[in-house]
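S.K.: This is the structure I have questions about; it appears just below.
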Amino acid sequence: MREFDYRRAHDVQHALTLLAADPDARFLGGGTNLVDLMKTGVERPTRLVDVRELPLDGIEPTAEGGLRIGATVTNSDLAAHPDVRRHHPALAQAVLAGASGQLRNMATVGGNLLQRTRCGYFTDVSGPCNKRVPGSGCPAVTGEHHQHAVLGASDHCVAVHPSDMGVALTALDAVVGYETGEGPEEKPITDFYLPVGDTPHRETALPPGALITHLILPPPPAGARSRYRKVRERASYAFAIGSVAARLTVEDGRVAEARLALGAVASRPWRAHAAEAVLTGAPAGGATFAEAADAELAAARPLPRNGYKVPLMRNLVVSVLTELAEEATR
Amino acid sequence: MTTTPPAHRSVGTARTRVEGRDKVTGAARYAAEIPFTGLAHGWLVLSTITRGRIREIHTAPVLDMPGVLTVLHHGNAPRLHTDYVGLLGVPPDPAACLFQHDRVPFAGWPVALVVAGTPEQAREAAEALTVTYEEEPHDTALTADHPDAYVPEGGMPAETSKGDLEAELAASAVVVDEEYTTPEEQHSMMEPHAATARWDDGRLEVVDSNQGAGWVQGELATLFSLDPAAVRVRSEHIGGGFGSKGLRAHQVGAVMAATALDRPVRVVLSRRQLFSLAGYRSPTIQRVRLGAGADGRLRALEHRSLNQTSQVYEFLEPSAGVARVMYDAPAHRTAHRLVRLDVPSPTWMRAPGEASGSFAIEVALDELAERTGTDPIELRLRNEPDAGPVSGLPFSSRNLAACFREGARRFGWQDRDPRPGLRREGRWLLGTGTAAASFGAGAAPSTAQITAEPDGSFTVRIAAADIGTGARTALTLIAADALDTTPEHVRVRIGDSDFGPAMIAGGSMGTRSWAWAITAAAQDLRERLIPGTAVPPDGITVRSDTTAALGALSRKERHSFGAQFAEVAVDTATGEIRVRRMLGIFAAGRIVNPLTARGQLLGGMTWGISMALHEEAVRDHHTGAHYAPDLAGYHVATHADVPHLEADWVDDHDPDDPVGIKGIGEIGIVGAAAALTNAVWHATGTRHRHLPLRPDRILTAAPGTKGEPTKRA
Amino acid sequence: MAPEPSPTSSAITLHINGEKHHLSVDHRTTLLDALRERLDLTGTKKGCDQGQCGACTVLVDRRRVVSCLTLAVTAQDREVTTVEGLADGDDLHPVQQAFLDLDGYQCGYCTPGQICSAIALIEEHAAGWPSAVTPDVDPDATPAPLTPDEIRERLSGNLCRCGAYVSIVQAVAHAATTHGRRPAPTTEEGAA
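Chains as they are written, first to last, in our numbering: chain A, 1 to 330; chain B, 1 to 713; chain C, 1 to 192.
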């Protein structure tokens with residue numbers, strides 16, 4: 001780890017100023033990902049701007065009936081918040097499915113959104129990686145990619161986004177708010193994360209130097225049920241090999257509204273628009289759910305050694321939607 | 001010798017650990033936690049290529065970095081004496097014999113040691129050190145048909161054979177002929193290897209984390225051509241070992257640097273470095289052929305195992321050795337083959353040979369039970385041998401049948417419907433399975449000292465190691481009984497090579513070997529203590545050496561045995577497996593401390609869960625290096641993976657054994673992965689033969705699933 | 001009074017186990033290394049140094065964190081509790097006593113982290129925080145008791161390679177009960 005300057009920011013403007021003063025500065029939130037990446041040499045900042053004491057740690061109702069979640073709210077506080085649990089159970093479940101009690105106490109909402117992939121080539125600075133060193137190559141395409149992407153990947157990068165929280169936020173139509181220094185901006189989370197294309201090192205639409213300040217969660221429709229399910233290679237404390245966040249509203253046996261996002265299958269939380277199109281208005285049953293899953297996964301391009309993710313995601317989508325439909329009609 | 005029955009009986013009663021308070025308050029100090037004045041810190045630099053030669057090490061820029069004291073490498077390191085055979089009958093692993101040449105035989109080979117004033121400075125400088133290489137093509141992939149497979153020599157026989165295998169197979173009513181594989185597994189003890197070395201008045205002192213202080217002392221003295229009396233190794237508390245904590249690069253690096261700088265130097269391996277420098281269990285490709293009559297009685301048994309070793313060291317994972325103890329047949333063949341690859345050297349890891357070998361043979365037996373329509377327990381009981389299948393020697397005691405009977409009763413085996421794939425609970429299919437276990441009960445020569453103190457207490461000194469086994473407490477109970485006193489009057493001091501030669505904590509032989517030496521010394525001491533006479537101020541000290549007594553032990557097959565039972569829930573739509581319960585019943589000699597003994601057996605069974613479901617070190621064969629070598633990439637079982645497990649034991653008495661202890665550190669893992677795999681078959685109807693039972697393997701094997709099972713790069 | 005910042009190090013005050021420690025730290029120094037290398041508080045263990053094992057768990061402002069990913073300079077002005085600060089003189093904390101009595105460890109290296117984590121999880125459960133195995137996260141649902149499965153999930157960030165999980169869970173359940181918390185049921189249900 002290289003030596004660095006450390007500053008605590010007192011307010012958002014102060015944070016932006018401190019960051020702008022050093023081109024190799026980074027914001028420090030919980031540090032659960034950044035400090036680890038600094039230890040492995042992936043990140044070598046010369047200044048850390050600690051933003052955890054900024055007054056961004058509240059969760060408040062919005063005028064529209066949704067929630068405004070501050071960027072420095074910890075994962076633990078987010079998952080424990082009564083309004084999150086009551087109105088957005090998929091989000092609480094997703095956060096609780098991630099990491100460990102200790103890491104959730106440290107990790108912040110803003111930091112979670114910006115966490116980097118856990119691809120083993122990305123974290124090994126002795127070898128190439130297009131995400132870490134643009135143009136150096138992607139060893140995963142021909143090497144180890146058992147846990148890598150099957151949707152939306154390119155020859156340049158097949159890494160997956162590691163977040164559980166982000167998958168739920170993507171299903172729940174969250175909006176990311178940030179401050180650039182020239183005023184606040186907001187962007188739907190589906191636009192916040194960029195497609196991988198030939199620029200895997202560019203992961204989000206966050207302008208350079210900007211600070212995430214909050215999330216907006218719109219209110220769910222009346223009668224909606226949401227759920228997050230995660231499959232991993234051990235029962236806890238592991239990244240997903242596949243996950244599903246879904247929200248379903250059923251009226252008279254038909255799907256009135258469906259929101260579906262898939263995790264651990266793409267470079268970003270994957271919003272399943274094709275599946276939602278099949279679901280909306282269709283009978284809420286197994287045949288519809290299977291058709292929806294197939295519609296989304298028709299675009300899957302598995303690599304030689306991660307083809308299992310296609311049936312895994314199909315089964316997981318059907319299983320979670322079936323559970324939600326049963327809950328809705330109970 | 002006294003003939004009156006002793007008044008005190010501590011062995012067999014549950015006792016909390018004598019060092020327990022220190023462990024729960026954080027007062028127990030491990031190797032990297034003893035303070036030294038003027039301490040410097042060393043950080044190893046490992047090769048980033050897999051095979052080749054070091055061209056240049058650019059030390060000058062690094063020597064100018066803040067706090068850097070020296071950079072050791074093959075160009076300036078002292079020459080070591082490496083041509084010797086150590087305490088355990090094997091030469092040193094060249095990966096520990098630092099900087100003796102410019103060759104790189106595997107990825108993660110140590111090429112330099114950077115020493116600096118603080119750990120942060122040392123690490124940053126080590127990462128800044130530029131090393132250039134001449135790279136050569138490498139081969140790191142173990143394949144069943146590898147052309148370089150060879151028959152290893154030395155150690156146990158590579159092959160055993162009797163009878164006409166092909167004729168008996170041809171005459172068998174039922175034949176099982178399958179391949180089973182296990183992946184590379186890593187010890188992953190919680191405490192990384194750490195050593196601090198310093199010279200003190202002409203004597204080399206090393207504070208280390210190891211499984212045998214005297215063992216490592218002997219190795220270091222020989223390597224550095226020092227008088228053994230001038231080397232002292234201490235290892236008081238050890239954060240897990242499992243076979244990995246012997247002579248390793250960290251001690252050698254610390255000694256080299258402490259010598260070069262004439263100040264104390266500490267070297268701690270990082271979690272990533274452990275993956276290439278601390279040994280591992282070799283992957284295995286095993287072939288089992290069983291031939292049996294319609295009643296399940298074996299006519300032919302063949303177990304072949306192919307394993308890997310490094311280019312610089314030969315280590316055999318003796319997986320095919322299990323059948324030499326467990327099952328007999330008129331035609332019986334076991335065989336090992338090795339392939340030298342451009343990989344690190346494997347080593348002993350909890351139940352070496354038995355853990356991986358029992359997976360293959362015990363799943364194969366379950367397949368035989370299925371195909372003959374025989375109950376899996378009944379099948380094993382029908383094939384109980386009267387004597388060692390290969391040696392022909394009698395068993396000192398073999399209470400496997402008693403383990404199965406007691407286990408079946410407690411597990412509720414009699415109510416089991418043998419048909420697979422029938423039991424469903426929500427999205428989960430349920431199944432149960434069983435397997436047998438065995439592990440050798442050996443002993444090795446050891447010495448012990450006991451001092452009768454003037455205050456009526458006793459001090460025992462023995463170079464034993466407590467790597468978490470509870471040995472310190474067990475030896476306290478053993479000594480108390482042997483001295484006819486209470487444990488409160490006995491202090492057991494361990495982990496210091498100055499206490500004299502002793503067996504290491506390994507091979508499930510530690511407590512048995514040390515107890516033998518302590519018992520012998522105690523008998524001697526009691527004869528010297530004259531009732532009514534005061535003990536002199538310096539106490540009365542006696543020493544024992546069990547070398548002769550061990551040599552007098554009759555030749556027999558001496559083993560622990562066990563029966564493993566497991567119940568699993570499997571979701572074939574996602575491939576998830578949840579273990580619901582396990583029961584292990586063991587025949588493991590005399591149980592010294594039931595509280596810690598249960599922990600040892602449960603720990604082994606927990607390793608079985610981890611081996612069955614999780615563990616797999618992945619190597620990218622293009623780069624030749626590990627993929628994601630850390631505890632997020634290499635999964636061991638978490639709390640959530642381990643349900644309530646039960647372990648218990650049956651009486652197991654060996655009439656001609658003076659100590660009667662068999663060792664319990666390893667048998668708990670043996671057969672556990674097979675019992676779980678057999679339970680997955682019973683739940684789903686699909687037979688799995690490759691570990692770990694990853695979700696993708698379960699999912700893609702399920703009927704009606706489209707998709708390919710994953711092979712790792 | 002805030003210390004004058006230098007480019008790469010700071011003079012800080014750490015509040016640890018009720019005591020103040022003034023020291024100058026390289027900004028790279030983690031709380032874990034500050035405890036172990038600078039303050040001789042070696043009860044907190046380094047197992048992986050990258051947040052993947054939990055051996056370095058301490059309480060910061062009564063919440064459990066991994067000290068290996070906490071920079072020491074960020075712990076300024078916070079109350080840090082390590083395993084050395086849990087006992088009240090000779091009286092062990094109930095969780096420590098339960099680990100000792102029920103043999104909730106083997107090698108002991110993960111133990112300080114397990115104990116700190118267990119103390120926090122009992123508090124978190126008492127505060128009504130759900131976990132990944134809580135059947136219903138709805139805050140209006142009946143609070144889930146601290147079952148063995150709840151303990152296992154909540155303690156999964158603390159690896160124990162010796163495999164002492166069975167007795168660790170028994171120790172935590174016992175301590176939670178003697179703490180005056182809702183007693184855990186005695187039945188052992190599978191995780192599935």
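Quick reminder that beta carbons are idealized off the backbone N, C-alpha and C, glycines included. All of these numbers come straight from a predicted model, not from anything done at the bench.
(1) Look at the alpha carbon of histidine 174 (chain C) and the alpha carbon of glutamate 233 (chain A), and state the distance between them as a whole number of angstroms.
(2) Nearest chain B C-beta to proline 135 (chain C) closer than 8 Å, yes or no?
(3) Could you check if isoleucine 467 (chain B) is buried or exposed, using at least 16 other CB atoms within 10 Å of its CB as the buried criterion?
(4) Chain A beta carbons: is any one of them nearer than 8 Å to that of threonine 147 (chain C)?
(5) Pull the bridge partners of tryptophan 607 (chain B) from the DSSP assignment, please.
(6) For threonine 82 (chain C) and glycine 407 (chain B), which I take to be in contact (beta-carbon distance under 8 Å), what is that distance rounded to the nearest angstrom?
(7) Tell me where the beta strand (DSSP E) around alanine 31 (chain B) begins and ends.
(8) At which residues does the alpha helix (DSSP H) containing phenylalanine 561 (chain B) begin and terminate?
(9) Does any residue of chain A bring its CB to less than 8 Å from the CB of proline 3 (chain C)?
(10) Beta-carbon separation of valine 343 (chain A) and cysteine 138 (chain A) under 8 Å?
(11) Using C-beta distances below 7 Å, list every residue in its chain close to alanine 521 (chain B), excluding the 5 sequence neighbours before and after it, in chain order.
(12) Tyrosine 228 (chain A): buried (16+ other C-beta within 10 angstroms of its C-beta) or exposed?
(13) At 7 Å on the CB atoms, spell out the chain A contacts of glycine 699 (chain B), in chain order.
(14) Considering only residues of the same chain and omitting the five flanking positions on each side of glutamate 19 (chain C), which have a CB-CB separation below 8 Å?
(15) Could you tell me whether any Cβ in chain A is nearer than 8 Å to the Cβ of proline 143 (chain C)?
(16) Going by DSSP, name the residue or residues bridged to proline 128 (chain A).
(17) Could you tell me whether any Cβ in chain C is nearer than 8 Å to the Cβ of alanine 480 (chain B)?
(18) By the criterion of Cβ-Cβ separation under 9 Å, what are the contact partners of threonine 677 (chain B) in chain C?
(19) I'd like to know if glycine 54 (chain C) contacts chain A, where contact means its C-beta is closer than 8 Å to some C-beta of that chain.
(20) If we ignore side chains and look at the alpha-carbon of each, how far apart do alanine 437 (chain B) and proline 385 (chain B) end up?
(21) Who are the neighbours of arginine 86 (chain A) on chain C, taking C-beta pairs under 8 Å?
(22) At 4 residues or longer, and completely inside the segment 429 to 489 of chain B: list those alpha helix (DSSP H) runs for me, N to C.
(23) Could you please give me the residues that DSSP links to threonine 182 (chain B) through a beta bridge?
(24) Please list the terminal residues of the continuous beta strand (DSSP E) segment that includes glutamate 43 (chain A).
(25) If we define contact as Cβ-Cβ less than 8 Å, is valine 172 (chain C) a contact residue for chain A?
(26) Would you say the beta carbon of alanine 210 (chain A) comes nearer than 7 Å to a heavy atom of the ligand ADP?
(27) What residues in its chain sit with their C-beta under 8 Å from that of tryptophan 199 (chain B), if we drop five residues either side in the sequence?
(28) Could you tell me the distance, in whole angstroms, from the CA atom of proline 3 (chain C) to the CA atom of leucine 277 (chain B)?
(29) Against chain A, with Cβ distances strictly below 8 Å, would glutamate 120 (chain B) count as a contact?
(30) Nearest-angstrom Cα distance between glycine 110 (chain A) and threonine 196 (chain B)?
(31) Do we get a CB-CB distance below 8 Å when we pair tyrosine 627 (chain B) with the residues of chain A?
(32) Any idea which residues DSSP pairs proline 152 (chain B) with across the strands?
(33) Suppose you measure from the CA of aspartate 571 (chain B) to the CA of valine 250 (chain A); what does that come to, to the nearest Å?
(34) Check whether the Cβ atoms of arginine 689 (chain B) and valine 363 (chain B) sit closer than 8 Å, and answer yes or no.
(35) How many Å lie between glycine 668 (chain B) and glycine 155 (chain B) at the Cα?
(36) What first and last residue would you give for the beta strand (DSSP E) that runs through proline 110 (chain B)?
M.R.: Considering the structure as presented:
(1) 30 Å
(2) For proline 135 (chain C), the answer is no, since every Cβ of chain B falls outside 8 Å of its Cβ.
(3) buried
(4) no
(5) None; tryptophan 607 (chain B) has no bridge partner.
(6) Contact flag wrong, Cβ pair sits at about 43 Å.
(7) Unbroken run through alanine 31 (chain B): none, as it is neither H nor E.
(8) Counting along the chain, phenylalanine 561 (chain B) falls outside any alpha helix (DSSP H), though it belongs to the beta strand (DSSP E) covering 559 to 571.
(9) Confidence is the limiting factor: at proline 3 (chain C) the pLDDT is only 38, short of 50, which leaves the residue's position unreliable, though a coordinate-based value still follows. With 8 Å as the cut-off, proline 3 (chain C) does not count as an interface residue toward chain A.
(10) The question about residue 343 (chain A) has no answer here: the residues shown for chain A are numbered 1 through 330.
(11) For alanine 521 (chain B), where only same-chain residues beyond five positions count, the Cβ hits under 7 Å are Ala448, Gln449, Ile450, Val542, Arg543 and Ser544.
(12) buried
(13) The question names glycine, but residue 699 (chain B) is leucine in the sequence shown. Neighbours of leucine 699 (chain B) on chain A, chain order: Tyr308, Pro311 and Leu312.
(14) none
(15) no
(16) Answer is none; proline 128 (chain A) lacks a bridge partner.
(17) no
(18) Residues of chain C with a Cβ closer than 9 Å to the Cβ of threonine 677 (chain B) do not exist; the shortest Cβ-Cβ separation is about 17 Å.
(19) Yes, its Cβ sits closer than 8 Å to a Cβ of chain A.
(20) So the alpha carbons of these two residues sit roughly 14 Å apart.
(21) Asp138, Pro139 and Asp140
(22) Counting only runs that start and end inside the segment 429 to 489 of chain B, the alpha helix (DSSP H) elements of at least 4 residues fall at 471 to 482.
(23) B:Thr284
(24) No beta strand (DSSP E) holds glutamate 43 (chain A); DSSP gives it neither H nor E.
(25) With 8 Å as the cut-off, valine 172 (chain C) does not count as an interface residue toward chain A.
(26) You won't find the ligand ADP in this model; it holds no ligand whatsoever.
(27) Glu205, Ala258, Thr259 and Asp262
(28) For proline 3 (chain C), the pLDDT reaches just 38, beneath the cut-off of 50, and the residue's location in the model is therefore unreliable, leaving the point undetermined.
(29) yes
(30) 42 Å
(31) yes
(32) DSSP lists no partner for proline 152 (chain B).
(33) The alpha-carbon atoms of aspartate 571 (chain B) and valine 250 (chain A) are separated by roughly 27 Å.
(34) yes
(35) 24 Å
(36) From DSSP, the beta strand (DSSP E) with proline 110 (chain B) extends over 110 to 116.
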